[in-house]
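In what follows, a structure is listed as structure tokens, so that the remarks can point back to it.
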């Protein structure tokens, strides 16, 4: 869970809320599942258990978590992304602003293309190759309700498999900036079919150790997503 990285001491509470919310919204912890145990999570975030409990309480009050006590208790994710809706997409873009949207898409393009290039130049052992192909298989078999979460898992796995924590966290940040927009795009089967072909091209290029083909495949895929966004906003 790269998104659950250590926070800075000066704003520990606020950054803890941000990290947990990012993990929830990106589907790193899916709806109905629980966060890692409190002791483990506090160590992972580099904070006190008191700060962690305050952040969990705040997210529980906001409706993102359900805290249950007892032997089988924990902090369970209750947030479910809203159904795709073009009206929600326009509202999200209006709140963000076109300039910030363009910047976010450029940022995502740069870091995800870079991650794919790096991974394609990395000697991947069989277990890491298997992770990448499994993420792709999970996405290809996903239903509409789980598609965006598994799409996020696939994209983030490319950065995570490079072994660079900085690159993985940057890719997660880039995805977070546009996650609400992506969730709001109506699901079109022809687009999902096209995306499946593009995802396969990305994986093929990485496993063939062809960094330029990997960069092109990611760029084509993300530019297609950007075009779809513009189409629903026009």
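Residue numbers (my numbering): 59 to 292.
Glycine is no exception: its CB is placed at the ideal position from the N, C-alpha and C atoms.
Q | Coil, strand or helix - residue 251 by DSSP | A | The residue given as residue 251 occupies position 193 in the chain shown. Note: residue 251 maps to helix in three-state DSSP.
Q: Leaving out five residues on either side along the sequence, give the residues of the same chain with a beta carbon under 7 Å from the beta carbon of residue 82.
A: Taking the chain shown and counting its residues from 1, one reaches residue 82 at position 24. Around residue 82, the same chain offers 122, 135, 137 as residues with beta carbons nearer than 7 Å, after the five sequence neighbours per side are excluded.
(Q) Can you tell me which residues form a DSSP beta bridge with residue 146? (A) Sequence index remark: in the chain shown, residue 146 carries index 88 (1-based). Under DSSP, residue 146 shares a beta bridge with no residue.
(Q) Output needed for residue 102: all residues of its chain with C-beta closer than 6 Å, excluding positions within five of it in sequence on either side, in chain order. (A) By one-based count along the chain shown, residue 102 stands at place 44. Annotation for residue 102: 62 place their beta carbon closer than 6 Å to its own, counting only its chain and skipping 5 residues before and after.
Q) Taking the alpha carbon of residue 237 as the point to measure from, which residue in 283, 247, 246 has its own alpha carbon closest? A) Residue 237 sits at position 179 when you count from the first residue of the chain shown. In terms of Cα proximity to residue 237, the closest of 283, 247, 246 is 283.
Q: Would you mind stating whether residue 287 and residue 167 have Cβ atoms separated by less than 9 Å?
A: Taking the first residue of the chain shown as position 1, residue 287 is located at position 229. Taking the first residue of the chain shown as position 1, residue 167 is located at position 109. Inclusion of residue 287 and residue 167 in the CB contact set at 9 Å is not warranted, their separation being larger than that value.
Q. Under 9 Å between the Cβ atoms of residue 187 and residue 212?
A. Locating residue 187 in the chain shown gives position 129, counting from the first residue. Locating residue 212 in the chain shown gives position 154, counting from the first residue. No, Cβ-Cβ distance for residue 187 and residue 212 is not below 9 Å.
Q.
Which residue marks the beginning of the alpha helix (DSSP H) containing residue 103, and which one marks its end?
A. Position 45 of the chain shown, counted from the start, is the residue given in the question as residue 103. Residue 103 -> alpha helix (DSSP H) spans 96–103.
Q: Taking 9 Å as the cut-off, decide whether the C-beta atoms of residue 230 and residue 214 are in contact.
A: For the purposes of this step, residue 230 is identified with residue 172 of the chain shown, where counting begins at 1. For the purposes of this step, residue 214 is identified with residue 156 of the chain shown, where counting begins at 1. For the 9 Å CB-CB criterion, residue 230 and residue 214 form a contact.
Q | residue 175 versus 206, 113, 216, residue with shortest Cα-Cα distance | A | Translated into the one-based positions of the chain shown, residue 175 becomes position 117. Checked all of 206, 113, 216; the closest Cα to residue 175 is 216.
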